[in-house]
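Student:
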Amino acid sequence: MLGAAADLAGAPGAGRAGRARSGGPAGVTLERPPRPDFGDYSTNAALLLAPALGAPPREVAQRLGAELQGRLGGKLERFEVAGPGFLNLFLSTEWYRGALAEVLAAGEGFGVGGAARPERILVEFVSANPTGPMHVGHARNAAYGDALARLLAIHGHEVTREFYVNDAGSQIRKLGESIAALAKGEPVPEDGYRGDYVEPLAAEIEGAATREPDELGRVAVAIMVDRAARALAAFRVDFDEWKYESELHSGAPSAVERVLGLLDERGVTYRSEEAVWLRSSEFGDDKDRVLVRSSGEHTYFASDIAYHQDKRERGYQRQIDVWGADHHGYLGRMKAAYAMLGGDPEQLELIIMQLVHLVRRGERAQMSKRAGEFVTLEDLVGEIGVDAARWFLLSRSHDTTIDLDLDLAREESSENPVYYVQYAHARIASMLAKAGAERVAAALAEVGRGQDAGALHPSEAALIKRLLAFGGEIAEAAERRAPHRIASYALELAQDFTAFYRDCRVVGAEPEAVESWRIALCVAAQRTIARCLVDLLGVTAPAEM
RNA sequence: GCCCUCGUAGUCCAAUGGAUAAGACAACCGCCUCCUAAGCGGUGGAUCCAGGUUCGACUCCUGGCGGGGGCACCA
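Residue 1 is where the first sequence starts when you use our numbering, and the numbers rise one by one after that.
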């Protein structure tokens, strides 16, 4: 944590660091109180320490305050004990000046790398079936998984992003059969694929009318995967690895066969009605599950177990899977299988994304891939653009259902708060350009020397406090797998900047020391907004609008 | 029926057990001689219901009610 803020966090039992290291009572916080007259920062430490100390909370708060006063000296203007025993701290201008200097000195390192224990993490997301185009649900999954990966990486973890391609099983054969039928001018099989994209796909594949369905399926998968990768890249989502399910079935023995062997050795499988079952119900699942069908074919679940085992063997300390809500019934069996193979269930995180519902004329519409009725990722981006689409999808918590009315989204995209944040960034760029690069460099150097620039405007203090909260916001958002918090923070930061802009003249401010100080504050605000937009949310930060 | 998840203003949505529940859109009233009006200021408006735990509950527990999802030898 930042030095200036650490002055406070270092207080007995106060702050995040205090909670983590001191072993003090849980729930101690150092936070920005709801009202300015409650001080700049506030802690409930006394409320929580009081029972252990056998003293009234207000008395404990008084003692804490006195101790802090001694430690911080001129940085702490005064403190107050409030309500049931809150300790409210009022910080001096000196403290604020030092804090901004530290933000600027930290540069790219400001607020980042705070993970207490960095891990190698594999984030698997999207993993859309290659049998059709990606719809808005995949877009949400992509935006979320991508933002989460960015967040975890900035928080200090080593992150790998992976797309799992389900290129095996009956669905691929069905796709091949559908293409073969269309190529021959025959009707598509009853349970085949008949979306708008299938016919062009059939036309694209040379000699489709004379090739075998299995082979057509493979060719079609290659085309669809390539198409998905491109659509995702255009959405600013890139993957480090593309893992094919078919690989898990190849070789002798295959990865799937090996994992089935492992389960067998552990005595957690049995045969019944010609099929091989997993005793997953003994590990928290609702019922036992089939691994090998009576036909001799492996189930999807069997390859998925092999896939998760494979991830573990690749040395990831943590696996995060981002799944659609329609997969949540699958969670219990996956956790069970993971544990049955000796994995620590804590290290397998299965995140369920709630669905995106399409709304047309106020009514919910069903998205059906086989019927070809859905809004694709490309449609969404085409209608409202990458920035607005990403913000729209990322500004909501992953566990709330989103209703998407594309007509409304198109109309309202100009009202998207993303533009407000971008506008603040562009406005700063314009101000700094007006000041000139040399003047900005001089101002930054001056702040580092700690020049006295007089009293602070409340808007300046508020903006600095918001900037100082950045590291905590990253930590909180990363630990809770909640990138939407970054969107909230970015908006609040932009609002605080805009209030500062309204209240405080920057370029041309008198005396020069004030101008320097405010230019430096603008630089810190601009960097942090860009950090949020570009590096965390994958949204552009334009220099002009 | 069972399991999971969500219920906060007209709408969308935020809030590690903390003080008077944040913000956006929509509505209404004002503001461009001034570093970008994609902006600023102001007004009204919310925790599904009932119990419980706690000094303190939107938050945790129990029971309802409502929305969504899931309960295959499909993937």
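Ideal placement from N, C-alpha and C gives every residue a C-beta, glycine not left out.
Since we're looking at a predicted model, the values are computed, not measured.
From Q347 to A433, what does the alpha carbon distance come to, in whole angstroms?
Tutor: In the first sequence, counting from the first residue as 1, residue 347 sits at position 347. In the first sequence, counting from the first residue as 1, residue 433 sits at position 433. Roughly 48 Å between the two C-alpha positions.
Student: Give the secondary structure of Y316 by DSSP, where H, G and I count as helix, E and B as strand, and everything else as coil.
Tutor: Counting from one through the first sequence, the residue named residue 316 turns up at place 316. Coil at Y316, not helix or strand.
Student: Does DSSP classify L291 as helix, strand or coil?
Tutor: Position 291 of the first sequence, counted from the start, is the residue given in the question as residue 291. Here DSSP, grouped into helix, strand and coil, assigns L291 to strand.
Student: If we count the other Cβ atoms within 10 Å of its Cβ and call it buried at 16 or more, is R360 buried or exposed?
Tutor: The residue given as residue 360 occupies position 360 in the first sequence. Answer is exposed; the Cβ neighbour count stays below 16.
Student: State yes or no: is the C-beta of L521 within less than 8 Å of the C-beta of L100?
Tutor: Here residue 521 refers to the residue found at position 521 of the first sequence. Here residue 100 refers to the residue found at position 100 of the first sequence. Against a cut-off of 8 Å, the Cβ pair of L100 and L521 comes out as a contact.
Student: According to DSSP, is E212 part of a helix, a strand, or is it coil?
Tutor: For the purposes of this step, residue 212 is identified with residue 212 of the first sequence, where counting begins at 1. Here E212 sits in coil by DSSP.
Student: For L122, which option in R318, A233, M334 and S488 has the closest C-alpha, if you only look at C-alpha atoms?
Tutor: Sequence index remark: in the first sequence, residue 122 carries index 122 (1-based). When only C-alpha atoms are compared, the closest one is R318.
Student: Counting along the chain, where does the beta strand (DSSP E) carrying A275 start and finish?
Tutor: For the purposes of this step, residue 275 is taken as the residue at position 275 of the first sequence. Taken as a continuous stretch (DSSP letters only), the beta strand (DSSP E) holding A275 covers A275 to L278.
Student: When you compare the segment 481-489 with the segment 507-523, are there three or more beta-carbon pairs, one atom per stretch, that lie closer than 8 Å?
Tutor: Under the Cβ criterion (8 Å, minimum of three pairs), the segment 481-489 does not count as touching the segment 507-523.
Student: Curious, which full-length beta strand (DSSP E) runs of at least 3 residues does the segment 43-67 contain?
Tutor: none
Student: Quick check on the DSSP output: the alpha helix (DSSP H) that includes L444 runs from which residue to which?
Tutor: For the purposes of this step, residue 444 is taken as residue 444 along the first sequence, with counting starting at 1. Note, L444: alpha helix (DSSP H), A437 to G448.
Student: Measuring only the C-alpha atoms, how far is G382 from A429?
Tutor: Working through the first sequence from its first residue, we reach residue 382 at position 382. Working through the first sequence from its first residue, we reach residue 429 at position 429. Near 28 Å, if we compare the C-alpha coordinates of A429 and G382.
Student: Tell me Y338's beta-bridge partners as DSSP assigns them.
Tutor: The residue you call residue 338 lines up with position 338 of the first sequence. Y338 is not bridged to any residue.
Student: With contact counted as at least three CB pairs below 8 Å, one residue from each stretch, are the segment 435-452 and the segment 473-481 in contact?
Tutor: The segment 435-452, when compared against the segment 473-481, does not touch it at the 8 Å Cβ threshold.
Student: Please report the distance separating the alpha-carbon of P25 from that of R117.
Tutor: Here residue 25 is taken as the residue at index 25 of the first sequence, counted from 1. Here residue 117 is taken as the residue at index 117 of the first sequence, counted from 1. Caution applies to P25, whose pLDDT of 47 falls short of 50 and renders its modelled position unreliable; the value that the coordinates give is listed next. Distance between the alpha carbons of P25 and R117: 21 Å.
Student: What would DSSP say about G192, mapped onto helix, strand or coil?
Tutor: The residue you call residue 192 lines up with position 192 of the first sequence. Looking at G192 - three-state DSSP - the assignment turns out to be coil, as it is neither helix nor strand.
Student: With distance defined between alpha-carbon atoms, name the residue in G54, A139 and Y144 nearest to A46.
Tutor: The residue given as residue 46 occupies position 46 in the first sequence. Taking only the C-alpha atoms, the option nearest A46 is G54.
Student: So H357 is in the beta strand (DSSP E); what residue range does that whole segment cover?
Tutor: Against the first sequence, residue 357 aligns to sequence position 357. First-last of the beta strand (DSSP E) with H357: V356 to R360.
Student: Tell me the DSSP secondary structure of E473 in three-state form.
Tutor: Taking the first residue of the first sequence as position 1, residue 473 is located at position 473. DSSP, reduced to helix, strand and coil, places E473 within a helical segment of the structure shown.
Student: If L406 sits next to V375, beta carbons under 8 Å apart, how far is it from one beta carbon to the other, in whole angstroms?
Tutor: As a first step, residue 406 must be located in the first sequence, where it is residue number 406. As a first step, residue 375 must be located in the first sequence, where it is residue number 375. With a Cβ gap of about 6 Å, L406 and V375 count as contacting.
Student: For my contact list, V514 and G454 are in at a C-beta cut-off of 8 Å; report their separation, rounded to the angstrom.
Tutor: Position 514 of the first sequence, counted from the start, is the residue given in the question as residue 514. Position 454 of the first sequence, counted from the start, is the residue given in the question as residue 454. Going by Cβ atoms, the distance from V514 to G454 rounds to 7 Å, so yes, they are a contact pair.
Student: Rounded C-beta distance between Y144 and M353? I'm assuming under 8 Å.
Tutor: Looking up residue 144 in the first sequence gives position 144. Looking up residue 353 in the first sequence gives position 353. The pair is a contact, with the Cβ atoms about 6 Å apart (cut-off 8 Å).
Student: Should the segment 71-84 be called in touch with the segment 104-116, which here means at least 3 C-beta pairs below 8 Å?
Tutor: With a cut-off of 8 Å, the segment 104-116 and the segment 71-84 do not count as touching, because too few Cβ pairs lie within range.
Student: Check this for me: beta carbons of L491 and A147, under 8 Å apart or not?
Tutor: Residue numbering aside, residue 491 sits at position 491 when the first sequence is read from its first letter. Residue numbering aside, residue 147 sits at position 147 when the first sequence is read from its first letter. At the C-beta level, L491 and A147 stay beyond 8 Å of one another.
Student: Classify A469: buried if its beta carbon has 16 or more other beta carbons within 10 angstroms, exposed otherwise.
Tutor: Within the first sequence, numbered from 1, the residue matching residue 469 stands at position 469. Buried.
Student: Could you have a look at V112 and say whether DSSP puts it in helix, strand or coil?
Tutor: For the purposes of this step, residue 112 is taken as the residue at position 112 of the first sequence. In this structure, V112 counts as coil in the three-state DSSP scheme.
Student: Using a Cβ-Cβ cutoff of less than 6 Å, which residues in the same chain neighbour G372 once the five nearest sequence positions on both sides are dropped?
Tutor: By 1-based counting over the first sequence, the position of residue 372 is 372. Unreliable positioning characterises G372 in this predicted model, as indicated by a pLDDT of 45, which lies under 50. The coordinate reading is nonetheless provided below. If we look at G372 and ignore the five residues flanking it on each side, its Cβ neighbours are G195 and D196.
Student: Name the DSSP bridge partner or partners of R78?
Tutor: Here residue 78 refers to the residue found at position 78 when the first sequence is read from its first residue. For R78, which the question treats as bridged, DSSP gives the partners F90.
Student: Distance, Cα to Cα, A302 vs A168?
Tutor: Within the first sequence, residue 302 is the residue found at index 302, counting from 1. Within the first sequence, residue 168 is the residue found at index 168, counting from 1. Going by the C-alpha atoms only, they are around 12 Å apart.
Student: Between P57 and the rest of its own chain, which residues show a CB-CB distance below 7 Å, the 5 nearest in sequence each way excluded?
Tutor: Sequence index remark: in the first sequence, residue 57 carries index 57 (1-based). These residues qualify, in order along the chain: A46, L47, A50, P84 and G85.
Student: For the structure I just gave you, are there three or more beta carbon pairs, one from the segment 176-189 and one from the segment 152-166, closer than 8 Å?
Tutor: no
Student: What three-state label does DSSP hand H135 in the structure shown?
Tutor: Here residue 135 corresponds to residue number 135 of the first sequence, with the count starting at 1. Looking at H135 - three-state DSSP - the assignment turns out to be strand.
Student: Using a 10 Å radius around the Cβ and a threshold of 16 neighbouring Cβ atoms, would you call G192 buried or exposed?
Tutor: Position 192 of the first sequence, counted from the start, is the residue given in the question as residue 192. Counting Cβ neighbours within 10 Å, G192 comes out buried, since at least 16 surround it.
Student: Whose C-beta lies closer than 8 Å to the C-beta of L355 among residues of the same chain, with five residues either side of it excluded?
Tutor: Locating residue 355 in the first sequence gives position 355, where the first residue counts as 1. G137, G324, A325, D326, T401 and I402.
Student: So, at 8 Å on beta carbons, what are the nonlocal neighbours of V292 in its own chain, with the 5 sequence-adjacent residues on each side left out?
Tutor: On the first sequence, position 292 is the one that residue 292 refers to. Excluding positions up to five away in sequence, the list reads L260, A275, V276, H298, T299 and A302.
Student: Could you pull the start and end residues of the beta strand (DSSP E) that E206 belongs to?
Tutor: Start at 1 with the first residue of the first sequence, and residue 206 comes out as number 206. From DSSP, E206 is part of no beta strand (DSSP E); its letter is neither H nor E.
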